[in-house]
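Working notes for the structure below.
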Amino acid sequence: MNKLLLLLLISISVLCFSQDNIKLSYASQYDDFIEIDIEMNKPTSKFDLIDFDTVTVTDNKKNVWKENKEYPLNYNYNNGENKVKRYYIPDHTFKTVNIKGVMKYFTPSKANGSYFDLGTLGDIPRNTNLIDKKITDKNPELYFSIVDSTVINKIFPDFSYKINEDEDYKKIDFKSYDFIYAYRYNKKQKIMYFINDDGDPGYDNLSIRNKKTGITYKFVKLKKGMTPSEVSKVRVELMIENEKSIRKIPFELKEVTVEKK
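Each residue of the sequence shown is one higher than the one before, starting from 0 at the first, in numbering that gives the first Met the number 0.
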């Protein structure tokens with residue numbers, strides 16, 4: 000009986016993570032790029048994350064398309080059902096494309112050592128790497144920290160910016176943001192964070208990247224009129240991929256028609 004149950008569970012697992020769960024959402028050609036959206040049927044929770052491992056697009060003339068990096072997207076994990084890639088428009092005509100790749104399905108958990116509840120902002124130390132040293136010893140590039148204005152003023156002493164061309168350059172108004180976090184990851188090992196259960200929290204956010212270290216600093220405004228007491232209760236969770244938490248799912252979508260928008 001136990002063996003039969005085990006076989007049944009294995010069969011269910013294989014079905015849940017097969018090619019059948021992955022399909023094309025759309026393939027569209029815009030003025031400056033072609034966008035391809037791949038959808039995976041899965042739960043949309045913070046413990047069910049997806050990202051592309053590899054994707055190759057080849058048209059019916061055997062040309063392999065080059066990814067368009069001029070219009071940046073979030074190349075990290077997300078907890079939705081869709082992942083998008085953008086490509087340069089080829090200088091030749093084509094009829095259809097074949098899309099072949101591997102989707103990474105990341106299911107973080109405490110049990111497999113990939114989920115970390117960092118607690119609330121009121122208790123998290125500032126200006127220090129919050130990633131466990133056992134992990135950074137193997138991959139020192141990984142970094143996640145809650146920082147304050149002293150770090151920003153030291154690294155970017157003369158920084159000013161403007162959002163629109165008709166604006167004047169301005170300095171950062173730290174009072175306009177509720178807190179600042181910093182992160183860095185690489186292709187070898189990615190991280191994902193959730194702040195109050197949101198993987199992309201806040202509005203009117205500002206991001207600055209230190210080209211020397213590769214660390215990105217994100218200034219977050221969670222809500223209007225947030226009090227210091229409310230900020231101190233903001234919960235921060237961190238997910239760090241490892242082999243135990245990743246499933247790689249090969250997929251192939253043949254003879255896809257790209258629609259012009």
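From the three backbone atoms N, C-alpha and C, an ideal C-beta is built for every residue, glycine too.
Range covered by the alpha helix (DSSP H) that runs through residue i
i      : result
Pro227 : Pro227 to Ser231
Ile134 : Lys132 to Thr135
Residue i burial status per 10 Å Cβ neighbour count (16 or more: buried)
i      : result
Asn1   : Confidence is the limiting factor: at Asn1 the pLDDT is only 48, short of 50, which leaves the residue's position unreliable, though a coordinate-based value still follows. Looking at its Cβ environment, which holds fewer than 16 other Cβ atoms inside 10 Å, Asn1 is exposed.
Leu8   : A caution first: Leu8 carries a pLDDT of 38, below 50, which makes its placement in the model too unreliable to give a value.
Asp172 : exposed
Ile130 : buried
Tyr70  : exposed
Gly118 : exposed
Ile162 : exposed
Leu14  : The predicted position of Leu14 is uncertain, since its pLDDT is 40 and thus under 50; no value can be drawn from it.
Pro156 : exposed
Glu166 : exposed
Gln18  : exposed
Leu141 : buried
Asp177 : buried
Tyr182 : buried
Lys133 : exposed
Tyr76  : buried
Tyr184 : buried
Tyr180 : buried
Whole-Å CB distance - residue i paired with residue j, under 8 Å assumed
i      : j      : result
Phe105 : Leu48  : 4 Å
Tyr87  : Phe32  : 7 Å
Asn111 : Lys243 : 4 Å
Ser159 : Tyr168 : 4 Å
Asn20  : Lys41  : 7 Å
Tyr29  : Lys260 : 5 Å
Contact check, residue i vs residue j, beta carbons under 8 Å
i      : j      : result
Phe218 : Asn195 : no
Ile151 : Leu120 : no
Thr256 : Thr95  : yes
Glu258 : Ala26  : yes
Asn78  : Gly198 : yes
Asp116 : Glu236 : yes
Ser44  : Ile239 : no
Lys22  : Phe51  : no
Pro55  : Lys99  : For clarity, residue 55 is Thr in the given sequence; the question names Pro instead. A contact, by the Cβ cut-off of 8 Å.
Ile35  : Lys109 : no
Glu80  : Met39  : yes
Lys247 : Val101 : yes
Ser206 : Tyr216 : yes
Asn126 : Phe143 : no
Phe46  : Pro124 : no
First through last residue of the beta strand (DSSP E) which encompasses residue i
i      : result
Lys253 : Ile245 to Val255
Thr119 : Tyr114 to Thr119
Lys220 : Thr215 to Lys220
Ser206 : Tyr202 to Arg208
Ile151 : First-last for Ile151: Ser148 to Ile154, but that is the alpha helix (DSSP H), not the beta strand (DSSP E).
Ala181 : Phe178 to Arg183
Arg125 : No beta strand (DSSP E) contains Arg125, which DSSP labels as neither H nor E.
For this session: Report the residue ranges of all alpha helix (DSSP H) runs contained in full by the region 7 to 68; include only those spanning at least 4 residues, in chain order.
Result: Segments of the alpha helix (DSSP H) lying fully in the region 7 to 68: there are none.
For this session: Any chance you could list the beta strand (DSSP E) runs of at least 3 consecutive residues sitting entirely within the region 68 to 113, in chain order?
Result: With a minimum length of 3 residues, the continuous beta strand (DSSP E) runs that stay inside the region 68 to 113 are 81 to 86 and 96 to 105.
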